[in-house]
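Peer 1: Submitted below is the structure of interest, expressed as structure tokens.
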Amino acid sequence: MIPLQAPVDAVHWSLAIIPLLVLLVLLVGLQWQAPEAGPLGMFIAAAIALIAFQTPWEGLAIAAARGVWDAIFILYVVWPALLLYHVIKRGGGFAALEGGIQRFSDNELFLVLAFGWVFASFLQGIAGFGTPIAVVAPLLLVIGVKPVYAVAIPLIGHAWANMFGTLAVAWLATLQVIPLESEFVTTVETAILLWIPSFLAGIAIAWLYGQKSAVMHALPMILVIAALHGGVQLGVMFWDPVLSAFIASTVALLALYPLSRWDRYDQSFEEIDERPAMEETGDSRDETEETGDEAEEAEPVMSFAMSLLPYIVLTVVAIGTLIIGPLEAFLEQFEIGPPFPAVETGYGLETEGEDAYNPFAPLTHPGTFLFVSVFVGWLVYRAGGYYDDWQDRKDDVEGIWDGLAADAVPASLAIIAFLVMAQLMELSGQIEVLAFGLAGVLPPTVYAFASGWIGFTGAFMTSSNTSSNILFAPLQQQAVEAMEGLSEASVIAGQSAGGAVGNAIAPANVVLGTGAAGIVGKEGEVLRITIPWAILVMVLIGLLTVVLNGLTLIGGG
Amino acid sequence: MNEMTVQIVSLLFLLAPLPLIVYGVLEGVAALWWLGIALVIVGGVIPPLTRFVFEEEDEETADGDESS
Chain A
81 MIPLQAPVDA VHWSLAIIPL LVLLVLLVGL QWQAPEAGPL GMFIAAAIAL
131 IAFQTPWEGL AIAAARGVWD AIFILYVVWP ALLLYHVIKR GGGFAALEGG
181 IQRFSDNELF LVLAFGWVFA SFLQGIAGFG TPIAVVAPLL LVIGVKPVYA
231 VAIPLIGHAW ANMFGTLAVA WLATLQVIPL ESEFVTTVET AILLWIPSFL
281 AGIAIAWLYG QKSAVMHALP MILVIAALHG GVQLGVMFWD PVLSAFIAST
331 VALLALYPLS RWDRYDQSFE EIDERPAMEE TGDSRDETEE TGDEAEEAEP
381 VMSFAMSLLP YIVLTVVAIG TLIIGPLEAF LEQFEIGPPF PAVETGYGLE
431 TEGEDAYNPF APLTHPGTFL FVSVFVGWLV YRAGGYYDDW QDRKDDVEGI
481 WDGLAADAVP ASLAIIAFLV MAQLMELSGQ IEVLAFGLAG VLPPTVYAFA
531 SGWIGFTGAF MTSSNTSSNI LFAPLQQQAV EAMEGLSEAS VIAGQSAGGA
581 VGNAIAPANV VLGTGAAGIV GKEGEVLRIT IPWAILVMVL IGLLTVVLNG
631 LTLIGGG
Chain B
72 MNEMTVQIVS LLFLLAPLPL IVYGVLEGVA ALWWLGIALV IVGGVIPPLT
122 RFVFEEEDEE TADGDESS
């Protein structure tokens, strides 16, 4: 049997799932804004921890502090990413970007896939921590994507790259918490499973753009990009899993150039009657904040290349830090993390104390890369006089700091509340009860199917593939040891792939996107798009995990 | 006080407990981590409350605009 410290029974399982259900009902059902729904979920998780899971008050305090610290990781991407958006916008950079993108290709569908899927995946490969969503959502607005879709598309598009993106941080964390019998088989099976969210991201984004006719038009591009994402990632597993998502997403990004020269994607595609994701004309964020006519009339004050400058700086800094080993090693030396004592609940569930909890290396964090790009962009735009020129051309230009506060503050409230809630559920044993409850009642084949859903739930709660694997990989391994008929490699692969997909619906990721798109409060509308996609992907991942589990056992794994 | 100011105050209340709780639990100063819990509660209660307060204000403003 699986060793248990938390009270695994129907009553506690039902109580433990309440905070998650409340969050879903408030956000998706009642359309509450994330900053309003998050704290209620947090309070309910705290009350259940205190009353039903015998968590001491001091334990609640430690969970709250750990949650705030976890949130700082994400906020250190949110604030500079939004600052980047407002620094470019204040200088009229998005007007220039819009004109330049239209010259690159007249095919909107190609551009939406290029930014929302291929570029978002590339950013996940080099930066992660929500950077793809915060950076790509404003770019999609420039193309004319409606704000809710501009958030949903990169959430779907980047998900597959979560497991091995950012130098495979989630994979390395998994190896830290469990010794694996066969690392190679596990990475190969994970890469096979991750092919599903990559391929279905392309299909879903094309479908959102213009349904069946758009999917048919985009199919060759989708097949090429998905083959590169999935195939290259799988191929690199034979060499070094750490570089797999980075190399795969970079190759796919490079493939955009020859694809854009193909007549099929170089010219406008008119045979689409309905384009639900697109605004009629222009930058959809400008139209929601300003009068559309004025936004359309203002001529750019800078060149396309100049508007791209901060993004080029971001890419160069991130890749430079990533591939120059000694530089990364030097910058990683500076780490900070608060110490915490051990916590024990009344049921004997102990969380060990740590000298430095979840240490944070600010100099290699994507937030610092973003800050460098913000600083360089601001300096060049200011020296070039673009801020003055744009002010002269448009009367009602919003200040950088006003715009930043309006977007970042509500998003930050929600992110802190979600992560405190996750810590309360973890320290009190609610998460353990949810997962052990499933493991205790399911037969092996069904458990293989469910293994991905456990990872998916972990990522939904923590907005992190890494955190999900740290939380649940040990449990999954215990389940494999306790049951006949389960392959460790397949179950851990299912957990990892589920953790990647869960990022597409994680409320903290969603609110990061709504903040970047200037639509905080519309998280429910975004989730109504991403949840059906995520469920479909997870069903397929579950089925393929069952198949892989059977094949691995036959092969003696 | 407008909605943005209220949200900024709420954000500060949610961030402030981190050093208080860390110091309080490590040094055994219970008053500090209790203060941290109190700040989390206040900071967490504000955003859901603003839903109702500012919704009413918006409705009153809309009514005023219509009558004028």
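Protein chains in written order, with the numbering used here: chain A, 81 to 637; chain B, 72 to 139. C-beta atoms are modelled at their ideal positions from N, C-alpha and C, and glycine is treated no differently.
Exposed or buried, Thr425 of chain A, counting other C-beta atoms within 10 Å across all chains shown (16 or more means buried)?
Peer 2: Counted from its first residue, the first sequence places residue 425 of chain A at position 345. Per the 10 Å Cβ criterion, buried.
Peer 1: Between Leu58 of chain A and chain B, is any beta-carbon pair separated by less than 9 Å?
Peer 2: For chain A, the structure presents residues 81 to 637; residue 58 of chain A sits outside this window and is missing.
Peer 1: Pull up the distance between the alpha-carbon of Trp93 of chain A and that of Asp353 of chain A, whole angstroms please.
Peer 2: One-based indexing of the first sequence puts residue 93 of chain A at position 13. One-based indexing of the first sequence puts residue 353 of chain A at position 273. Cα-Cα distance, rounded: 48 Å.
Peer 1: So that I know if they touch, is there some Cβ in chain A lying closer than 9 Å to that of Val100 of chain B?
Peer 2: Position 29 of the second sequence holds residue 100 of chain B. Not one chain A Cβ lies under 9 Å of Val100 of chain B.
Peer 1: Please list the partners that Val93 of chain B has in chain A, where partner means a Cβ-to-Cβ separation under 8 Å.
Peer 2: Indexing the second sequence from 1 puts residue 93 of chain B at position 22. Those are Ala145, Pro418, Pro419 and Phe420, listed as they occur along chain A.
Peer 1: So Ala486 of chain A contacts chain B; which residues on that side make the cut at Cβ distance below 8 Å?
Peer 2: Start at 1 with the first residue of the first sequence, and residue 486 of chain A comes out as number 406. Per Cβ cutoff of 8 Å: Met75.
Peer 1: Less than 9 Å between the C-beta atoms of Ala250 of chain A and Thr546 of chain A, yes or no?
Peer 2: For the purposes of this step, residue 250 of chain A is identified with residue 170 of the first sequence, where counting begins at 1. For the purposes of this step, residue 546 of chain A is identified with residue 466 of the first sequence, where counting begins at 1. For Ala250 of chain A and Thr546 of chain A, yes; Cβs fall inside 9 Å.
Peer 1: Counting along the chain, where does the alpha helix (DSSP H) carrying Thr542 of chain A start and finish?
Peer 2: Position 462 of the first sequence holds residue 542 of chain A. Run containing Thr542 of chain A: Pro524 to Thr542, per the alpha helix (DSSP H) assignment.
Peer 1: Could you check whether Gly245 of chain A and Ser329 of chain A sit closer than 9 Å to each other, using their CB atoms as the reference points?
Peer 2: Residue numbering aside, residue 329 of chain A sits at position 249 when the first sequence is read from its first letter. Residue numbering aside, residue 245 of chain A sits at position 165 when the first sequence is read from its first letter. Cβ atoms of Ser329 of chain A and Gly245 of chain A: closer than 9 Å.
Peer 1: Answer yes or no: does any C-beta atom of chain A fall closer than 9 Å to that of Val111 of chain B?
Peer 2: Position 40 of the second sequence, counted from the first residue, corresponds to residue 111 of chain B. It does; some Cβ of chain A falls within 9 Å.
Peer 1: Can you find a C-beta in chain B that's less than 9 Å from the C-beta of Trp197 of chain A?
Peer 2: Working through the first sequence from its first residue, we reach residue 197 of chain A at position 117. Output row for Trp197 of chain A: interface = no.
Peer 1: Please work out which residues of its chain come closer than 8 Å, Cβ to Cβ, to Leu91 of chain B, disregarding the five sequence neighbours upstream and downstream, and give them in chain order.
Peer 2: Taking the first residue of the second sequence as position 1, residue 91 of chain B is located at position 20. Result list for Leu91 of chain B: Leu103, Trp104, Leu106, Gly107 and Leu110, in chain order.
Peer 1: With DSSP run on the structure shown, which of helix, strand or coil describes Glu599 of chain A?
Peer 2: For the purposes of this step, residue 599 of chain A is taken as residue 519 along the first sequence, with counting starting at 1. Sequence check: residue 599 of chain A is Ile here, not Glu. Of the three classes helix, strand and coil, the one that applies to Ile599 of chain A here is coil, per DSSP.
Peer 1: For Thr266 of chain A, count neighbouring C-beta atoms within 10 Å of its own C-beta (all shown protein chains included) and say buried if the count is 16 or more, exposed if not.
Peer 2: Here residue 266 of chain A is taken as the residue at index 186 of the first sequence, counted from 1. Burial call: buried.
Peer 1: Would you say Leu655 of chain A lies against chain B (beta-carbon separation less than 9 Å)?
Peer 2: Residue numbering for chain A in the displayed model covers 81 to 637; residue 655 of chain A lies beyond these limits and cannot be assessed.
Peer 1: Answer yes or no: does any C-beta atom of chain B fall closer than 9 Å to that of Glu415 of chain A?
Peer 2: Counting from 1 along the first sequence, the entry for residue 415 of chain A is found at position 335. No, Glu415 of chain A lies away from the interface with chain B (no Cβ there is under 9 Å from its Cβ).
Peer 1: What did DSSP end up calling Met358 of chain A once you bin it into helix, strand or coil?
Peer 2: Taking the first residue of the first sequence as 1, we reach residue 358 of chain A at position 278. Strand at Met358 of chain A.
Peer 1: Short check: CB of Leu639 of chain A to CB of Phe202 of chain A, under 9 Å?
Peer 2: Summary: the structure shown does not reach residue 639 of chain A, with chain A confined to residues 81 through 637, and so no result is reported for it.
Peer 1: Have a look at Gln194 of chain A and Ile399 of chain A and give me their C-alpha separation to the nearest angstrom.
Peer 2: Position 114 of the first sequence, counted from the start, is the residue given in the question as residue 194 of chain A. Position 319 of the first sequence, counted from the start, is the residue given in the question as residue 399 of chain A. Gln is not the amino acid found at residue 194 of chain A; the sequence shown has Ala there. So the two alpha carbons sit approximately 20 Å from each other.
Peer 1: What does the alpha-carbon distance come out to for the pair Ala127 of chain A and Gln78 of chain B?
Peer 2: Against the first sequence, residue 127 of chain A aligns to sequence position 47. Against the second sequence, residue 78 of chain B aligns to sequence position 7. If you draw a straight line from the Cα of Ala127 of chain A to the Cα of Gln78 of chain B, it is about 24 Å long.
Peer 1: Using only CA atoms, which one of A:Asn549, A:Val331 and A:Leu402 lies nearest to Thr270 of chain A?
Peer 2: Working through the first sequence from its first residue, we reach residue 270 of chain A at position 190. The option with the nearest alpha carbon to Thr270 of chain A is A:Asn549.
Peer 1: Hey, does Val477 of chain A have any beta-carbon neighbour from chain B nearer than 9 Å?
Peer 2: Working through the first sequence from its first residue, we reach residue 477 of chain A at position 397. By this cut-off, Val477 of chain A is not an interface position.
Peer 1: Spell out the partners DSSP gives Val423 of chain A in its beta bridges.
Peer 2: By 1-based counting over the first sequence, the position of residue 423 of chain A is 343. According to DSSP, Val423 of chain A bridges with A:Thr431.
Peer 1: For the segment 612-627 of chain A against the segment 576-591 of chain A, are there 3 or more C-beta pairs whose distance is under 8 Å?
Peer 2: In short, these stretches touch, since the Cβ pair count reaches three.
Peer 1: If you draw a straight line from the C-alpha of Pro160 of chain A to the C-alpha of Ala114 of chain A, how long is it?
Peer 2: The residue labelled residue 160 of chain A in the question sits at position 80 within the first sequence. The residue labelled residue 114 of chain A in the question sits at position 34 within the first sequence. Going by the C-alpha atoms only, they are around 20 Å apart.
Peer 1: Taking Cβ positions only, does Val116 of chain B come closer than 9 Å to chain A?
Peer 2: Position 45 of the second sequence, counted from the first residue, corresponds to residue 116 of chain B. It does; some Cβ of chain A falls within 9 Å.
Peer 1: Indicate the three-state DSSP secondary structure (helix, strand or coil) for Phe440 of chain A in the structure shown.
Peer 2: Residue numbering aside, residue 440 of chain A sits at position 360 when the first sequence is read from its first letter. Here Phe440 of chain A sits in strand by DSSP.
Peer 1: Determine, for Pro115 of chain A, whether the minimum Cβ-Cβ distance to residues of chain B falls below 9 Å.
Peer 2: Walking along the first sequence from the start, residue 115 of chain A turns up at place 35. Yes, Pro115 of chain A lies at the interface with chain B (some Cβ there is under 9 Å from its Cβ).
Peer 1: Chain A partners of Val124 of chain B, CB-CB under 9 Å?
Peer 2: Within the second sequence, the letter at position 53 stands for residue 124 of chain B. Result: empty, since nearest Cβ-Cβ is about 11 Å, beyond 9 Å.
Peer 1: For Ile416 of chain A, which of helix, strand or coil comes out of DSSP?
Peer 2: As a position in the first sequence, residue 416 of chain A is number 336, starting the count at 1. Strand at Ile416 of chain A.
Peer 1: Cβ of Trp159 of chain A less than 9 Å from any chain B Cβ?
Peer 2: Indexing the first sequence from 1 puts residue 159 of chain A at position 79. Judged by the 9 Å Cβ criterion, Trp159 of chain A is not in contact with chain B.
Peer 1: Output yes or no for whether 9 Å exceeds the beta carbon distance between Val397 of chain A and Val322 of chain A.
Peer 2: Position 317 of the first sequence, counted from the first residue, corresponds to residue 397 of chain A. Position 242 of the first sequence, counted from the first residue, corresponds to residue 322 of chain A. Cβ distance not < 9 Å, so Val397 of chain A and Val322 of chain A don't count as in contact.
Peer 1: Quick one: measure Cβ to Cβ for Ala559 of chain A and Asn629 of chain A, integer angstroms, because I've assumed they're closer than 8 Å.
Peer 2: Position 479 of the first sequence, counted from the start, is the residue given in the question as residue 559 of chain A. Position 549 of the first sequence, counted from the start, is the residue given in the question as residue 629 of chain A. Not a contact, Cβ separation roughly 12 Å.
Peer 1: Cβ closer than 7 Å: which chain B residues qualify as neighbours of Leu130 of chain A?
Peer 2: Mapped onto the first sequence, residue 130 of chain A falls at position 50. From the beta-carbon of Leu130 of chain A, no residue of chain B is found nearer than 7 Å; the closest lies around 11 Å away.
Peer 1: To the nearest angstrom, how far is the alpha carbon of Glu369 of chain A from that of Thr401 of chain A?
Peer 2: Within the first sequence, the letter at position 289 stands for residue 369 of chain A. Within the first sequence, the letter at position 321 stands for residue 401 of chain A. Because the pLDDT of Glu369 of chain A is 47, which lies under 50, any placement of that residue in the model is unreliable, and the number read from its coordinates should be weighed accordingly. One C-alpha to the other measures close to 37 Å.
Peer 1: Are the CB atoms of Tyr165 of chain A and Gly483 of chain A within a distance shorter than 9 Å?
Peer 2: Locating residue 483 of chain A in the first sequence gives position 403, where the first residue counts as 1. Locating residue 165 of chain A in the first sequence gives position 85, where the first residue counts as 1. It is a contact, given that the beta carbons lie within the stated cut-off.
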